[in-house]
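Heads up: the protein sequence lines correspond to chains G and S, in order. Per the working numbering, residue 1 is the first one in the first sequence, and the count goes up by one each step. Per the working numbering, residue 1 is the first one in the second sequence, and the count goes up by one each step.
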Amino acid sequence: MFNKVLIANRGEIAVRIIRACRELGMQTVAVYSEADRQALHVRLADEAHLLGPAPSRDSYLRIDRLIDVARQSGAGAIHPGYGFLAERAEFAQACVEAGLIFIGPKPSSIASMGDKAVARATVAATGVPVVPGTEGEGALRDAELLAMAPTIGFPLLIKATAGGGGKGMREVQHLEEMPGLLHAARREAEAAFGDGNVYLEKLLEGARHIEIQILADNHGNVVHLGERECSLQRRHQKLLEECPSPFVGDDDELRQRMGAVAVRAAQAVDYVNAGTIEFLVDKDKNFFFLEMNTRLQVEHPVTEIVTGLDIVKEQIRIARGRHMRHTQEDIQLSGWAIDCRINAEDPYNHFLPSTGVISHMILPTGPGVRVDTGVYPGFEISPYYDSLISKLIVSGETRGEAILRMRRALEEYKIIGVRTNIPFHQRLMDSHRFMGGQYDTRFVEERFSIEAAEEGKESQADIAAILATLVAHEQAQRAAHIIQRGERDTTNWKWVGRWERMHR
Amino acid sequence: MKYVTSIDEREFLIEILNDRQVAVDGVVYNVDFESLSDQPIHSMLVDNRSYEASVYPSDEGWQVLLRGRLYLVQVEDEREKRLRASLGSGPAEYGEFHLKAPMPGLIVAIPVSEGQEVVKGDVLVVLESMKMQNELRSPRAGKVARLRFKPGDSVEQKATLLSVV
């Protein structure tokens, strides 16, 4: 059985997997691109191998290179993490063919769940409810989609067949705008997944996005680890997750029903290892299958905290052929966990990604705080990969305690050098709707604005004014040593003209 | 040294008296100001109350991130204020707008063409960075000029992509 694992990923998740391997006493093999020589996962692993140039397609997406590295290093298994090759059946297949263990499901399960249309048809056949949409066929042409759209009803979603993470997804309100949006969705899907196929799905209003974590071993045992609430999203990218869901709350009957359906969906594709079934839940607690993620999720730590299980270690044990140590009765939820995704994005400027060197960083610590990150001061956030810097996860006995703890931790967390969405999370923690658990998947985009949230708050403008003045003063003093003031040799008008030309 | 510092509509007259004292609108405070290890992060004790903030320069003024809230602050010394008053409004109001890449990335699409009239909010360029497609929009109405790139080009941060005149 293997005792050396190759981690085919980067960033915080590569670090997370290395930690699990360490705790299990396994050797770790990291891989990296030319942009990532200094990355934390390279520093932490026992071995590190260069894959190729910075763009993902030349490095982290190179199946042939990964298999070569595994052979060279003597790794017996590959953990794909999330993103990159994690949900590519041909990668899992290539591992199997090379005699390597893929820490994840069988290639056939990935393939059937990976094509969203096939997944919906498979799951619907077992009696699991699905959101109305264009099921079954993967490759419909625009004309066919346009013809089917009115029968599904508006508003609806265009989604990438090979999709995930909100890419290749567009919302349609009227038939007239659909051709343009189809074009944009296909373009984005083609760029992100190399597959421009899309399907349609009814947009449920006021719906929540709640998912069930499952674990399945090679011996037919499948358990679910309860739900995660993932409704707080922007452009279909999750921003914050909670476990349990404040919507499900004390309704253990609903939780067990959703869990049982998730287990059935997993069994329908003969699933092995960790996976997640995503549901949309309407306000009357009707739930519909959305899709299955055949991999470890970004937000897995909230479930780990509330169940006490280490999901990544469980994945490795399952891959080694062990029997699951837990029955469904053993799985108990206790306490509350919240995860804030800290992204290199400027919340004050349309969440534009921010790149640069992290010059300074203070991590929050203290009771009930966990930070999963792959960066450190001096590390450069490059434009090549996604903008996730870290996950800040807190736990509490109750949801209230977790929220207060998250506020405290966000206040402590300082990242200098790139802009982050920490202020966004801070405003969210202050929001009454959030505190009351009253939010759906549209909340962030439609009913929450960071500017409005700041408006009513107690202002410390005077303190900010003193700070800015002192910084400006220091700078002026320094500049005065270098150049005497008022010695510009041209008029201000000429200077303005030159300045404008220079900045064209 | 006297400064006129403004945040939104509020003005503060701030006088730096010496290393330890600052007067805000005539009220004197004891201020202990430290820049932490040469970073744009500052610690300030105002009459022993402790504050920590990051302060960045930007095109529109100083950005102060204090207790999870962003303030945009204009700081002018008295001479600058007089100069600006004599000039009237700044050149930015009638000048051209130059769209600059807010981050390095790959141009995915340019839905406008040279000479095309646009209104505020129109998408000028779709730029992909960090696996996200970002729509860069026009902040004002005008005519598109000096397109410098085409879809498929990689651009550096702050590269001027096009102008709106």
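Beta carbons: idealized from backbone N, C-alpha and C, even for Gly.
Residue 194 of chain G in three-state terms, based on DSSP: Reduced to three states, the DSSP call for residue 194 of chain G is coil.
Could you spell out the range, first to last residue, of the beta strand (DSSP E) harbouring residue 129 of chain G? Counting along the chain, residue 129 of chain G falls outside any beta strand (DSSP E), and DSSP gives it neither H nor E.
Nearest chain G C-beta to residue 162 of chain S closer than 7 Å, yes or no? For residue 162 of chain S, the closest Cβ of chain G is not nearer than 7 Å.
Report the three-state DSSP secondary structure of residue 424 of chain G (helix, strand or coil). Helix, per DSSP.
Where does residue 216 of chain G fall in DSSP's three states? Correct three-state label for residue 216 of chain G: strand.
Which bits of chain S does residue 348 of chain G rub up against, with CB to CB less than 7 Å? Here the neighbours are 70.
Beta-carbon proximity list for residue 247 of chain G, same chain, < 6 Å, skipping 5 on both sides: Once the five neighbours on either side are set aside, the close Cβ partners of residue 247 of chain G are 208.
Residue 66 of chain S CB to nearest chain G CB: under 7 Å? Yes, contact with chain G.
Go ahead and label residue 365 of chain G buried or exposed: buried means 16 or more other beta carbons lie within 10 angstroms of its beta carbon, across all protein chains shown. Flag for residue 365 of chain G reads exposed.
With H, G and I counted as helix, E and B as strand and the rest as coil, what does DSSP make of residue 53 of chain S? Note: residue 53 of chain S maps to strand in three-state DSSP.
If the cut is a Cβ gap below 7 Å, which residues of chain S does residue 352 of chain G touch? Result: 102, 103, 134.
Tell me where the beta strand (DSSP E) around residue 97 of chain S begins and ends. Taken as a continuous stretch (DSSP letters only), the beta strand (DSSP E) holding residue 97 of chain S covers 97-100.
Figure out for me which residue from G:466, G:497, G:501, G:480 has the closest Cα to the Cα of residue 34 of chain S. Measuring C-alpha to C-alpha distances from residue 34 of chain S to each of G:466, G:497, G:501, G:480 identifies G:466 as the nearest.
Distance check for residue 339 of chain G and residue 167 of chain G, CA to CA, integer angstroms please. Each residue's Cα considered, the two are about 22 Å apart.
For residue 7 of chain S, return the contacting residues in chain G, with the cut-off set at a CB-CB distance below 7 Å. Those within 7 Å of residue 7 of chain S in chain G are 461, 464, 465.
Range covered by the alpha helix (DSSP H) that runs through residue 313 of chain G: Unbroken alpha helix (DSSP H) run through residue 313 of chain G: 311-319.
Interface flag, residue 70 of chain G vs chain S, CB-CB below 7 Å: Against chain S, the CB of residue 70 of chain G has no partner CB under 7 Å away; the residue lies outside that interface.
CA-CA distance, residue 156 of chain G and residue 202 of chain G? Cα-Cα distance, rounded: 4 Å.
Any C-beta of chain G under 7 Å from that of residue 97 of chain S: Using a CB distance cut-off of 7 Å, residue 97 of chain S does not count as an interface residue toward chain G.
Starting from residue 385 of chain G, find everything on chain S with Cβ-Cβ shorter than 9 Å and list it in chain order. Chain order gives the chain S residues near residue 385 of chain G as 130, 131, where near means a beta carbon separation below 9 Å.
Contacting residues, own chain, Cβ-Cβ under 8 Å from residue 112 of chain G (five flanking each side not counted): For residue 112 of chain G, the CB contacts under 8 Å within the same chain, skipping 5 residues up- and downstream, are 118, 119, 122, 269 in chain order.
Applying the 10 Å Cβ sphere with the 16-neighbour rule, what's the burial state of residue 150 of chain G? Residue environment: residue 150 of chain G is assigned as exposed (fewer than 16 neighbouring CB atoms within 10 Å of its CB, all protein chains considered).
Indicate the three-state DSSP secondary structure (helix, strand or coil) for residue 1 of chain G in the structure shown. Residue 1 of chain G carries a coil assignment under DSSP once its states are collapsed to helix, strand and coil.
On the DSSP bridge assignment, give the partners of residue 233 of chain G in chain order. Partner(s): G:238.
Burial state of residue 62 of chain S, where buried means 16 or more other Cβ atoms lie within 10 Å: Residue burial is scored here from C-beta neighbours: residue 62 of chain S has at least 16 other C-beta atoms within 10 angstroms and is therefore classed as buried.
Taking only three categories from DSSP, how would you classify residue 267 of chain G? Three-state result, residue 267 of chain G: helix.
The stretch 27-49 of chain S: positions lying closer than 8 Å to chain G by Cβ: Against chain G - using a Cβ distance shorter than 8 Å - the residues of the stretch 27-49 of chain S are 29, 31, 33, 35, 36, 37, 39, 40, 41, 42, 44, 46.
If I measure Cβ to Cβ from residue 235 of chain G and keep anything under 7 Å in the same chain, skipping five residues before and after, which residues do I get? Cβ neighbours of residue 235 of chain G beyond the five flanking positions: 166.
Three-state secondary structure assigned by DSSP to residue 32 of chain S: In the structure shown, residue 32 of chain S sits in a strand (DSSP, three-state: E or B).
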